[in-house]
Structure formats: structure tokens, C-alpha cells
Amino acid sequence: MSIYKNSRIFLFFFLLSIASCSSSENQLVISNEDVHDVFTETAMGVTLNFSEFGQSKLMLKAPKLVRFEDEENQLIMECPAGLELTFFDSLKNVESVLTADYGKLFTQNQLLDVQENVVFHNQKQDTLFAKNC
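The sequence shown: position 11 = 9 (the numbering used here), numbered continuously.
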């Protein structure tokens, strides 16, 4: 499955399940900040599970998640301290995993920008290493 297709799947499930936020450390810190006239929400130790019809499709883990709107009112979700995306098949087996030191999701454009030490591998043990994707 291509990275582009996986990022579109991620976006779809991310928007469907934005409210399903939990922390693996049982400690979720959410703060609201007004930075440069932009409303910002920050969460620490985030694990987001995305599902479709009760089946897990994707899990996002990030030490820090920042959510804000840009000047054009586009919702942006940023993982400045890195992220791990785990994609599941219909039997909840791990299909592929994407890790990066930085990630940013542009919801309006349906674009996922990952940077620095990007590693994508699938269940066949095919692995892609990149600085930016």
C-alpha cells in the first residue's frame, strides 16, 4: 500500500475519530494557548485510535500534539516531538508502521507532512527510509 494511500486513510480516520483521545500513561494534559492571535490546543502523551464501524484502522502515538487553525481557518495538527502511525488490516493485524521525528497534518488539503528520520515498513518487512516525505 502506498504512503499516499496510507496518508489519505489516516486523514479519513483521523477526522472521524478526533474525539477518541487517550493516553497510554493515563495522564493527558490539555492546554489552550493564544499564540499570535491563533487558538492553539496542546496535548501531551497522546494515543489516538481511529476506527471504522468498530474496527481499529489506525493508531497515532505522539509525545506532543498541537492543534490549531491557520490564517485560512484550515485545521492543522502538528506532532513536533515525533509520531508513530500504526495501520491495521481488517483482522487488526499490523499492516504497516510509519515513524518520524516530526509530523504535520493539513486537514483541508488532506496532506500529511512527515520529516526527519522517516521510516515506513510493512508486514512484508519492506522498509523505506527518508529524511522528508
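We treat Cβ as the ideally placed atom computed from N, Cα and C, and that holds for glycine.
For the beta strand (DSSP E) containing A98, list its first residue and its last residue.
Taken as a continuous stretch (DSSP letters only), the beta strand (DSSP E) holding A98 covers 92 to 98.
Whole-angstrom Cβ separation of E82 and Y100, contact assumed at under 8 Å?
Not a contact, Cβ separation roughly 12 Å.
For D111, the first and last residue of its enclosing beta strand (DSSP E)
From DSSP, the beta strand (DSSP E) with D111 extends over 109 to 120.
Alpha carbon to alpha carbon, how far is H119 from S94? Give it in angstroms, no decimals.
Straight-line Cα distance between these residues: approximately 6 Å.
Beta-carbon proximity list for H34, same chain, < 8 Å, skipping 5 on both sides
Note on H34: pLDDT 46, under 50, position unreliable in the model; no value is reported.
How would you label D32, buried or exposed, when you count the other beta carbons within 10 angstroms and need 16 or more for buried?
For D32, the predicted structure reports a pLDDT of 49, less than 50, and the residue's modelled location is therefore unreliable. The matter cannot be settled from this model.
In angstroms with no decimal places, state the Cα-to-Cα distance between F85 and V92.
Straight through space, the alpha carbons of V92 and F85 are spaced by roughly 6 Å.
What is the DSSP secondary structure of Q25, reduced to helix, strand or coil?
Below a pLDDT of 50, predicted positions are generally treated as unreliable, and Q25, at 48, falls in that range; the measurement from the model is reported next regardless. In this structure, Q25 counts as coil in the three-state DSSP scheme.
Can you check which of these residues, Q72, T105, F104, T45, is closest to K59 by C-alpha distance?
Per the Cα distances, T45.
Should F48 go down as buried or exposed, given a rule of 16 or more other Cβ atoms within 10 Å for buried?
Buried is the call here.
I need the DSSP call for Q53, collapsed to helix, strand or coil.
DSSP places Q53 in strand when its eight states are reduced to three.
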